[in-house]
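Undergrad: The structure's right below; bear with me while I get my questions together.
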């Protein structure tokens with residue numbers, strides 16, 4: 001029996017994306033936990049083996065998208 005060596009590589013770009021997703025779900029969790037938006041404005045998403053809540057208000061999405069993209073870009077450039 002031969003064992004195949006699996007290459008596990010963590011890249012800066014992949015790490016920046018993972019951290020960006022962490023902020024994405026973290027912000028939505030705070031919005032839910034603090035009751036800033038009504039609970040019926042959140043949808044459930046399965047991610048990382050957990051059920052996470054994401055606000056489906058388009059204004060929230062439009063606000064967070066460029067912010068999180070900028071965070072990811074700064075992380076990838078090692079500026080943050």
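Numbering (UniProt numbering), first residue to last: 1 to 80.
Where a beta carbon is used, it is the ideal one built from N, C-alpha and C, also for glycine.
In this text, all values refer to a predicted model and were calculated from it rather than measured experimentally.
1) Are the segment 20 to 35 and the segment 56 to 74 in contact at 8 angstroms, needing three or more beta carbon pairs?
2) How is the alpha helix (DSSP H) around residue 59 delimited, first residue to last?
3) According to DSSP, which residues form a beta bridge with residue 53?
4) Give the DSSP-derived three-state secondary structure of residue 79 in the structure shown.
5) Look at residue 32 and residue 47 and say whether their C-beta atoms are less than 8 angstroms apart.
6) Helix, strand or coil: how does DSSP classify residue 35 here?
TA: Reading from the atomic positions:
1) Taking a contact to require three or more Cβ pairs closer than 8 angstroms, the segment 20 to 35 and the segment 56 to 74 qualify as touching.
2) Start and end: 58 to 76.
3) Paired residue(s): 44.
4) Correct three-state label for residue 79: coil.
5) Taking 8 angstroms as the Cβ cut-off, residue 32 and residue 47 do not qualify as a contacting pair.
6) If DSSP states are grouped into helix, strand and coil, residue 35 belongs with coil.
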